[in-house]
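Quick note on numbering: the working numbering labels position 108 of the sequence shown as 531, and the sequence is numbered without any gaps.
To keep things clear, I will list the structure first and then write my remarks on it.
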Amino acid sequence: MILPITQYGDPVLRKVCTPITPEYPELKKLIDDMFETMYNASGVGLAAPQVGLTIRMFVVDAEPMDEENLKGFKKVFINAQIIEEKGNKWAYNEGCLSIPGIREDVNRKEEITIEYVDENFEPHKEVYNGKLARVIQHEYDHIEGKLFVDYLSGLKREMLKGRLSDITKGRADVDYKIRLPRR
Ligand code: NI
């Protein structure tokens, strides 16, 4: 089932999310729905707050990034904690399904170490770098209540103010189902 994607200005995108247990109701269905919602919107990652839930979960499928080493990288990250970020900061043009139509360069460190459990609650500790780290850092931010526009300079944010306000009001051009902030 395709779920509506929450949009910039929705308070749910600003919540620090909480861990879940294997007893979380209908978890398998939620994971399937999140992948379906992400594919439908042509995204490479989707976090729970983007479907209105304040739980520590996000899904990633890097296949559309069209790079050999990213083929078949499809994962569910539950209760994730980034325990280390290192390396030089590099700029990458980020976008977000909750902030449609806006893409900006964001600087982040190149390598992360992350601990999480998968959909079977098996624990993992993995190191990622480059674009894969980037996607995970972006999604991880969502479960910490952060958005990529938070990294932009004050001047840049000021310039985007009108467009961000349009998104909040549902005036952005999107071709997937959205949920506007309650007013
Ligand atoms: Ni996003």
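Cβ coordinates follow ideal geometry from the N, Cα and C atoms, glycine included.
Every beta strand (DSSP E) of 3 residues or more that sits fully in the segment 529 to 578 is shown, in chain order, as 546 to 552. Exclusion of the five residues before and after PRO546 leaves VAL540 as the residues of its chain whose Cβ lies within less than 6 angstroms of its Cβ. The C-alpha of GLN473 lies about 12 angstroms from the C-alpha of ILE425. ILE454: not part of any beta strand (DSSP E); member of the alpha helix (DSSP H) spanning 450 to 463, first to last residue. Relative to the non-hydrogen atoms of the ligand NI, the Cβ of HIS547 never comes closer than 7 angstroms to any of them.
Judged by their CB atoms, ILE590 and PRO523 are nearer to each other than the 8 angstroms cut-off. Non-local beta-carbon contacts of PRO427 in its own chain, meaning distances under 7 angstroms to residues more than five positions away in sequence, involve LYS600, ILE601, ARG602 in chain order.
Where GLN504 is concerned, the enclosing beta strand (DSSP E) starts and stops at 497 to 517. Between TYR447 and the set PHE458, ILE478, LYS438, the nearest pair of CA atoms involves ILE478.
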